[in-house]
Amino acid sequence: MLLVDLGNKTLRSLDDIRLSDEGLQEKFDLQEWITRSPEEFFSEIGEELFVVGKEVRPIEGLGDSIDILALDKDGRSVVIELKRGKKKRQLLQAISYAAMLARWEPKDFQRHLGENRFVELVDFLDVESEAINREQRLLLVAESYDLEVLMAAQWLSEHYGLNVSCIRVALARDGPKGPLYLTCSTVFPAPELEETALPRATAVHPTPKPTDWEEVLAELRNPDLADFVRAELERGARALIRMRALRYRHGERNRWQIRVRKAEGRGTQGGRFDGDVEYWKRGLSQPDRVEALGEGRYLRFYLKEKADFDFFLGSVTTRLRDVVWLAEDEQPAETASSTDEDA
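Okay, so the sequence shown: first residue is 5 according to the numbering used here, each after it adds one.
Okay, structure coming up:
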């Protein structure tokens with residue numbers, strides 16, 4: 005790393021330092037830096053990830069654990085492994101963890117995170133929560149890589165579509181007692197290979213997404229739905245184009261979402277309040293499609309007619325303004341004994 009001296013118009017090299025020189029360890033210190041400053045670290049390597057946790061065991065009773073588990077905007081789980089010294093098992097270990105993690109369902113992430121953080125995750129995602137963990141990615145972080153690790157990563161990516169990235173980190177210091185700087189660079193896929201490597205790695209489940217709401221509106225076959233969406237966009241409602249969704253808050257949390265489909269709006273309510281199922285059944289034209297899902301943690305319903313959209317909007321903006329939400333371990337009396345068979 006070079007320090008720019010604007011006054012003298014010169015460059016000066018900073019001192020390169022290994023983590024071990026400072027008594028630091030990739031496994032513990034780097035792990036703490038990343039999990040305590042995730043936005044700063046991931047933005048440095050061009051990623052936008054939600055940290056699920058550190059030392060996550062993909063299978064109960066397993067002695068080893070994932071260094072850092074995260075999710076990207078498309079709901080793909082990201083197994084982040086930090087290299088320990090000169091060990092070469094980093095890639096193999098990450099693959100093993102991803103294979104075990106592939107069995108996780110969205111409810112497993114919800115159980116691990118707890119209700120409040122899961123709501124934060126849903127707010128972060130550009131896809132619905134049902135899409136969580138349909139694919140897995142590997143992200144390796146180390147001060148250096150052996151050639152065989154990088155060649156294996158390239159081979160797995162090119163021949164099997166494995167989405168793997170190798171990040172190199174380095175420390176630098178400005179003078180003996182100056183501040184420490186952490187630099188990050190992508191070793192694989194190399195920048196010049198990105199255009200061919202990334203599409204291949206993510207081509208297993210291609211999902212075309214609209215680029216603006218005019219495209220979405222043009223596809224709608226329900227004029228009442230189109231009028232509702234257009235009015236909400238003009239009103240300034242929170243709109244997520246990649247999800248084709250509108251979101252509505254109650255207090256500090258996102259509580260309702262309308263996913264815009266071609267012929268109807270699919271609504272979800274995160275969290276529960278007493279009598280909520282009966283409330284939505286009484287007000288909507290399709291009461292038989294109001295159901296509790298996710299072990300009773302949220303509701304799903306559908307909006308098709310103008311009266312449905314009017315009832316929904318009046319509810320989330322006025323009638324439910326003072327509603328009291330139940331704690332995450334509570335369920336309304338009418339659904340306390342219900343099952344999740346229709347989830």
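Each residue gets a CB set at the ideal place from its N, CA and C atoms; glycine is no exception.
Candidates R93, K111 and G79: which alpha carbon is nearest R301's? Proximity to R301 across R93, K111 and G79 peaks at K111, based on C-alpha coordinates.
Could you tell me the distance, in whole angstroms, from the CA atom of P193 to the CA atom of E236? Rounded to whole angstroms, P193 and E236 show a C-alpha spacing of 41 Å.
Use the C-beta contact count for A222: other C-beta atoms within 10 angstroms, 16 or more gives buried, fewer gives exposed. It is exposed - the Cβ of A222 has fewer than 16 other Cβ atoms within 10 Å.
Could you give the C-beta distance for T187 and I171, rounded to a whole number, given that I count them as a contact under 8 Å? Actually they do not touch by this definition, with Cβ atoms about 11 Å apart.
At what residue ranges does the segment 146-190 contain a whole run of the alpha helix (DSSP H), taking only runs of 4 or more? Entirely contained in the segment 146-190, the alpha helix (DSSP H) runs reaching 4 residues are, in chain order, 151-164.
If you draw a straight line from the C-alpha of H209 to the C-alpha of E334, how long is it? Summary for H209: the model assigns pLDDT 45, below 50, so the residue's position carries little reliability; its value from the coordinates is reported in the next sentence. Put simply, the backbone Cα of H209 is about 37 Å away from that of E334.
So Q94 and V153 are supposed to be a Cβ contact under 8 Å. How far apart are they, rounded? Going by Cβ atoms, the distance from Q94 to V153 rounds to 7 Å, so yes, they are a contact pair.
Could you compute how far the alpha carbon of E198 sits from the alpha carbon of R225? Low per-residue confidence applies at E198: pLDDT is 47, beneath 50, and the placement is therefore not dependable, though the value from the model is reported in the following sentence. Whole-angstrom Cα-Cα distance: 38 Å.
My output table needs one value for L250: the three-state DSSP class, helix, strand or coil. Here DSSP, grouped into helix, strand and coil, assigns L250 to strand.
Check whether L244 and R253 have beta carbons under 8 Å apart: Taking 8 Å as the Cβ cut-off, L244 and R253 do not qualify as a contacting pair.
Consult DSSP for P233 and reduce its assignment to one of helix, strand or coil. A small fix is needed here, since residue 233 is Val in this sequence, not Pro. Here V233 sits in helix by DSSP.
Compute the beta-carbon to beta-carbon distance between F120 and R141, rounded to the nearest angstrom, for a pair I have assumed lies under 8 Å. Residue identity check: residue 120 is Asn in the sequence provided, not Phe. For a cut-off of 8 Å, the C-beta gap from N120 to R141 is around 25 Å, too long to register as a contact.
In chain order, which continuous runs of the beta strand (DSSP E) of length 3 or greater are located wholly inside the segment 49-123? 53-60, 70-76 and 81-86, all fully within the segment 49-123.
Going straight from the alpha carbon of E134 to that of L15, what length do you get? Rounded to the nearest angstrom, the two C-alpha atoms are 51 Å apart.
Flag A194 as yes when its Cβ comes closer than 7 Å to any non-hydrogen atom of the ligand MN, and as no otherwise. As for the ligand MN, it is missing from this structure, which has no ligand bound.
Residues in the same chain with beta-carbon distance under 6 Å from S319, minus the five sequence neighbours each way, listed in chain order, please. Excluding five sequence positions before and after S319, none of the CB atoms of its chain fall closer than 6 Å to its own CB.
Closest to L144 by CA distance: which of L73, W284 and G65 is it? Considering only alpha carbons, the answer is L73.
Neighbour-count burial assignment, R259, 16 or more Cβ in a 10 Å radius: So R259 ends up on the buried side.
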